[in-house]
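Q: Just passing along the structure, written as C-alpha cells.
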Amino acid sequence: MTRSRRFRVVAIVLCVLFAPGAALAGRPLDTEDTGTVEPGKAELELSGDFARNPNDNSWATKAV
C-alpha cells in the first residue's frame, strides 16, 4: 500500500469513527426535583407518545 493510499484510508477511518452520532437525552422534568436518587433506592422513568391522524392512531415508546 502506498503512503498516500494509507493516509486516505486512515483519514476515512478516523472520519467515520469520530462522526457525530445521534444524541440521547431524557425528557424534560415537569414536576420532579432535579436531585439524585438516594443510595439504596431506584427510579424508573417511562415515556410514551400517542399520535392521531385521520387514517391511524398510534402509540410509540420513546425511552425506557
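All letters in the sequence shown, in the order written, are residues 4 to 67 by the working numbering. Idealized CB from N, CA, C, for every residue including glycine.
So which of S61, I15 and A45 has the shortest CA-CA distance to D52?
A: In the sequence shown, residue 52 corresponds to position 49, counting from 1. Considering only alpha carbons, the answer is S61.
Q: Between L49 and R9, what straight-line distance do the alpha-carbon atoms span, to the nearest angstrom?
A: Indexing the sequence shown from 1 puts residue 49 at position 46. Indexing the sequence shown from 1 puts residue 9 at position 6. If I take the Cα positions, the gap works out to 48 Å.
Q: Using DSSP's beta-bridge definition, name the partner residues of R55.
A: Position 52 of the sequence shown, counting from 1, holds the residue named residue 55. The partner list for R55 (beta bridge, DSSP) reads N60.
Q: Quick check on the DSSP output: the alpha helix (DSSP H) that includes S7 runs from which residue to which?
A: In the sequence shown, the residue the question calls residue 7 occupies position 4. Element bounds for S7: R6 to L20.
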